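I have placed the structure first, in the form of structure tokens, so that the comments after it can refer back to it.
Residue numbers (my numbering), protein chains in the order written: chain E, 1 to 1045; chain D, 10001 to 10119; chain R, 20001 to 20234; chain W, 30001 to 30220; chain B, 40001 to 40305.
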């Protein structure tokens, strides 16, 4: 094993050696530098692997042959090995990435580069305080030098600000160090820690100065203008180094030095970290410059880790994993993003759409962004999960909340960025500035992308409840992703369906016997397969569709099969990510996918927050913990409920849905509407079952929310002119019913809820598939531009009609089962007024059902739709399979509902419904025999039809204008089709109920946040002197808060 | 006088450091700011030296036999200050170089003129 | 509010923060633990009578290496972005005339200064001084040269060679310390410690001091040279 | 004939091209595409007691189309007042030709109105009856030399009953209905078939006078 | 579950009686209306003649399959409502097929015919039809609110949705009728009935001259006869529904006829007195006063014992 000291020797020797070349032999110099970096990486890498093997123990390296504290010593342990390895790796890849730039800049720049990496190694390893200072200074000066690689005026300014800031703080650090020495008589960090430096006032001041300066090295918000300028002005390759390598080293230093200040100081570090994380991300929301945005994000992420470092006493054994997961995630993702930025060379994030011309980079970009936000399967997901669990377990609820808020703020700009990259127009000359011809630029990016996924996989053993089986579907998705660009959609569709079918077959035994899970599993998987079938109608390759769809379904399956909160959350986030990619594929989906993602992320964090309490209750991540919450149960349950409700789009949290579902592709809408929304329902059901007595109030409130959601959703749907949006609003309404039903927490309520779940899955799948197909065929979303299609698409009409009758809850179809159960449940529960609102919503549903049927299929056929044919079998076959399902459910409701009833009775929801052998369902209030109703109605229908045919002679078929039109004749089909603003009267009467108040509320919220962010970021005045002043103010404020007492 | 030599030097160090800081933060002219910075670092260096002072001590140089002739002042801060000075020098030199280069661009030494990067 | 007043307030607050430190300083009653150790064992450990030098060069040799690195960095960076390419350079620009006294005196003084520097450098382990001090003095000679003749050209190649060689040598000594002795990086026990107080004593310390001095001297000179030359830009 | 039709073809009835969502071009000929081109056929008139009963029912349930063509239409509203009360005779007003059997051509018929009258008449289900009210429908009356009114209604539409006078009072109308009932009960209420059988002749007459025909030959 | 032929025939007989009673009732009401206007009005047998005439017409035009099936749906809706409700309280023979459901089924089955008719009328491609339907649906939605409130109040009061149980609870004297035991719910329900019956002032749906009688504007001959048959049935059935809910049901055919006549008369009577309302006004009206009364009724039923 090569001693770590050789890292220093090698780097310095090389750096000095490069001086021999003067200004010549630049290419050789670069290779030499890279070889040096590679060697350094190897050294730290071998140490790391040895430590992981356990074949070596922590090594102390004494310099000058004397034992510490008399001489400087370095330490090489597992942590040091890992950190140096990361740093060296980033150095090596960064150097590779900067190959051309460094070559152009000359040997001096290369020396600076390698010295920078070397200094970071020493910073990590050294155990001597003053030595630490020296190498921190080396790092600062080297950074200041590298900022100038591009020799721009902006870079110069940034460099000067950086120098001033670091100069001031290093002076203060020196004061701290020398006084620490004076008090302890020693410079060895371990010795100082052992000496209880913070015991005296002056000692505390010294320790404070040391710690605060090291914190300032991490650019805490708001005293970090100088750091941001560096990120913005420097070459992105340097930005990557600053963010990834220097940041990492600084974090390690803070971790190393923090114990000097004593236990009591940790909470302040947490506060610093959290403020930085939240503040920086919040201010970042206003930023449009890519590099500066990455700067905000870097600072935020580092702040998060600072907070974690401050939380070390709280986190206990998980600390190392959490911190390391977050750091490695940050390092890999941020370095990758900076490098991509260097390849893209677009300052404004809205121009990043040019990424789409380079799929590999785009995928890497997405991986990095999702890793940063903390999506699975990336390490930060594992880290954040464990962090929140531990925080709440240790009663640090506020910290957990702020961390989640900060994460959300990060999501705000990250997803805007993703949206820009995925959806903005690619300017024609955009690709000219691309700089990806060179392998050395692209390769590091791709390596980072692979590494961040691998790091996620490696995180599994460290988190309670994480299993490697969660990665099986992901592997399949990666496989699909690999073949994505080569194969036509048909093949991929077949592969995907086969994969899903197999996956279903494999996973089913896990949940077999659990009826509730089986139902949802069935909806997700069978629904998934059915909704994939319409994809056969699509031509071309459909790049990106299948990985996204499968990601969503993998997430859904994981939600169901998970037996612990981790698995649940893992699946939840996978599903969110997958559905986001599906939704954003729509032509005009950018803004809608964005708001979908924001609501989803916020919801997911609330869920995570709630799960924390469950973890706290039982000390493990098993789902059983949900029922045991003792700490602030109302808060926990409310958070969980709201979290799940973001997915069910309940009132107030619904504004993302209409656009997201309405603008999605025609076969995506059924996936996200009919299938996906049920995940929220599943979550809510799981939650309600576990809430116990604590949930009474929540359930009561949710009942009202559900009722108003149903009313608002249906009423809005009635006033829609866009076919798919109408269905989307209808989904909101239907989910409102479900929420209301399950909030009752009675057998009947839940049975109604299950009936709605099943029905909504079936009829909304049909509706979205068929209407989506029609929208594609007619080339318009507007209902009033359609019409008269019944003659062209009779099969589609029948499908929609059956679905609509089911939705309206008319007997004899299964929709009535839900209504009947509803009435009984409402009366027995005593939620009369809410019930009436829901029933009112039900009659309103009738109106849009009619509007849709009429506008699409009846009335006047438009000229340009004359040649339309029946929809493709790829759409009709799944639709008719579902119709068969509806029919079965309608004729034999007891076959479906009786087992569920038994399940609910076993869940102690009460035994209020009895089933007779002939299918008669009886409650104390009412009875209903679905079978009999079906028989009677079908018979009556047959007889009446016969009668009508008997008294009717041979009919004469008419054309569309053969109508009694007050003795006139219609002019054009367009002016003879009554559809637009169909319910004008109703709108006049109660349209005010659906005035977009919620939307303006959220708009105001976001404007306020943005304005606030815009106001806060004025502190970054751009004046280096002011920045230095801010540092001083920061120190003063920090001092008086922390030590002022 | 000897009694308070340490405190006096220390006080001078602190005063210089504070004054330097004041200069750094209040002067518009970048050269003056760098002067302020230099004063600041000088102050810090003086503080360092003062820390190592031992009343009645002399330079920590032994006689040929390696015996302590008299009471020594602490050699460590003296060694450290050496490094500190060099670092200060490096930083100052760099800052000056930056300012020179900036001045070439905009012909201004006013720090307020260099606010191209903000927010 | 007036900016300067604000700054004054800030600085005052900073002073308040720092005041406990000042207050705690008792004016040096006794040596620190480390100081005591060095006083007692310095000579036997390193063979150098100048304790400061022994601390600088051996005990805290890594710091010193860092220091050298900083100078190297500063020089490299400054040369990197202040260096003027040949096309942009004005040869022999007109400068303020230099007084006769200065130009004449410099010719006499510079060799003496360099000599003094060399002396301090070589005797660093015995008397006050050492590599840094010596190097700085040598560089002040260069400064005097520039004052006397602003158009003076430094031979950059030689400077680079000296700089790099001494730097590599410094590192090499450090590495040899690890390889050959059980001592460790930058140990001075490369050679026999000899008799304390003699010039050839204290192991590798004089050698290190020499390299250090050369490196510091050349680097500082280099920085000065670059600053001067940068004025030659068109 | 063809030329004239072209000359007076309304813009909305011109052949036009639209592009389908898939980009193909569709040619639309409004008069052919929007209207059924089928020719009507006479219905079978039954016989026997059942037919007699049906005729009685047809006679006792006269649903009048609420379409006033000329000045005689002012005479119809009094029929629903207490004074005349036609409801007691089973005569009722309907708003749509689809549900009406009786078409009262109330007075002079401007050519423009004739076109509407033809349309409304052809849209009524058979058996259907036309009651011509006032002398204008018989010979043009005081408008016999008008450039803009027809003279003899039965040239254009088959008339079941004429009520002479200028204007006839509501009582006369009631008498007319009674007369019509008698005709229907007698099995003579099948003028609709007559119209269909002589469609060529009627159409020629109609088109002769209506220059801007602009509608299919038979308005279903 | 009794699906025997006898049951079927008894139900058919009941249907026949109801149909004729409905026709008679409609001509009676028209005559009452005529008398109010100082006229004599149509003969008592006019509805039968009209029906026969419509069947005797010889033109059958079809706009499409749904146009054809629309009236079928409508009649199935009416007949179904009839079948799902017992005619005579306590009589096994006249209980129809009420075993398959109760009040809830009936409330929702109301819409079955409506939707079918709506689709049929839409298929006629006449804009007037769809205008009428849109008004009808809007009004229907508003009417359902007080209706539901009344039903819920009654369900709370009697703790059942079963017709038999509701009727049973009202036996034993006039004062046991819901209209007396639960006047608020009854008021709400009866006001809702006004809308459900679509008589003036809530008949803008079929505004004869504005949108030539709305949804059935294209219907004629046999199709119209089916619709008329249905309207005869459904008026009685609707009246019977309210009779069962508020007026103690009927234990003999005589009571059935008297009470349905009375209930139906109420709606006609109101219609004679009040002019037509615009749809937005009627929606507002139903959501204001009847709803307020209904909410009070529910609250009273639920919490004032």
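Yeah, the Cβ is synthetic: ideal placement off N, Cα and C, and Gly gets one too. Because the structure is a prediction, the values reported are computed rather than measured.
Cross-strand partners of residue i (DSSP beta bridge)
i: residue 30017(W); result: 30027(W)
i: residue 30110(W); result: 30149(W)
i: residue 957(E); result: 40062(B)
i: residue 30222(W); result: Nothing in the structure corresponds to residue 30222(W), since chain W is present only between 30001 and 30220.
i: residue 915(E); result: 921(E)
Alpha-carbon to alpha-carbon, residue j and residue i
i: residue 20225(R); j: residue 20089(R); result: 14 Å
i: residue 158(E); j: residue 234(E); result: 8 Å
i: residue 875(E); j: residue 40076(B); result: 31 Å
i: residue 267(E); j: residue 10109(D); result: 42 Å
i: residue 906(E); j: residue 516(E); result: 12 Å
i: residue 277(E); j: residue 407(E); result: 8 Å
i: residue 796(E); j: residue 30183(W); result: 50 Å
i: residue 939(E); j: residue 887(E); result: 16 Å
i: residue 30111(W); j: residue 40046(B); result: 37 Å
i: residue 815(E); j: residue 807(E); result: 6 Å
DSSP state of residue i mapped onto helix, strand, coil
i: residue 921(E); result: strand
i: residue 30004(W); result: Reliability fails at residue 30004(W), whose pLDDT of 48 lies under 50, so the model's placement of it is uncertain and no value is given.
i: residue 637(E); result: helix
i: residue 40094(B); result: helix
i: residue 40388(B); result: The shown model of chain B, from 40001 to 40305, leaves out residue 40388(B), and the question about it has no answer.
i: residue 30130(W); result: strand
Contact belief for residue i with residue j at Cβ below 8 Å, rounded distance in angstroms
i: residue 30153(W); j: residue 30132(W); result: 5 Å
i: residue 929(E); j: residue 40101(B); result: 7 Å
i: residue 76(E); j: residue 58(E); result: 7 Å
i: residue 1013(E); j: residue 301(E); result: Between residue 301(E) and residue 1013(E) the Cβ distance is about 18 Å, and since that is not below 8 Å, they are no contact.
i: residue 325(E); j: residue 403(E); result: In fact, because the Cβ distance is near 14 Å, the residues do not count as touching under 8 Å.
Residue i CB to nearest heavy atom of the ligand FAD below 7 Å
i: residue 674(E); result: Only the bare structure without any ligand can be found here, which leaves the ligand FAD out of the picture.
For this session: With 7 Å as the limit, tell me which residues of the stretch 40126-40144 of chain B have their beta carbon closer than that to any beta carbon of chain W; keep them in chain order.
Result: Within the stretch 40126-40144 of chain B, no residue has a Cβ lying closer than 7 Å to any Cβ of chain W.
Exercise. Relative to chain E, which residues along the stretch 30014-30037 of chain W have a C-beta separation below 7 Å, given in chain order?
Worked result: Flagged, chain order: 30018, 30019, 30020, 30021, 30024, 30026, 30028, 30034, 30035, 30036.
Problem set entry | Contacting positions in the stretch 40193-40223 of chain B - beta carbon closer than 8 Å to chain E | Across the stretch 40193-40223 of chain B, CB contacts with chain E closer than 8 Å involve 40212, 40217, 40218, 40221, 40222, 40223, in sequence order along the chain.
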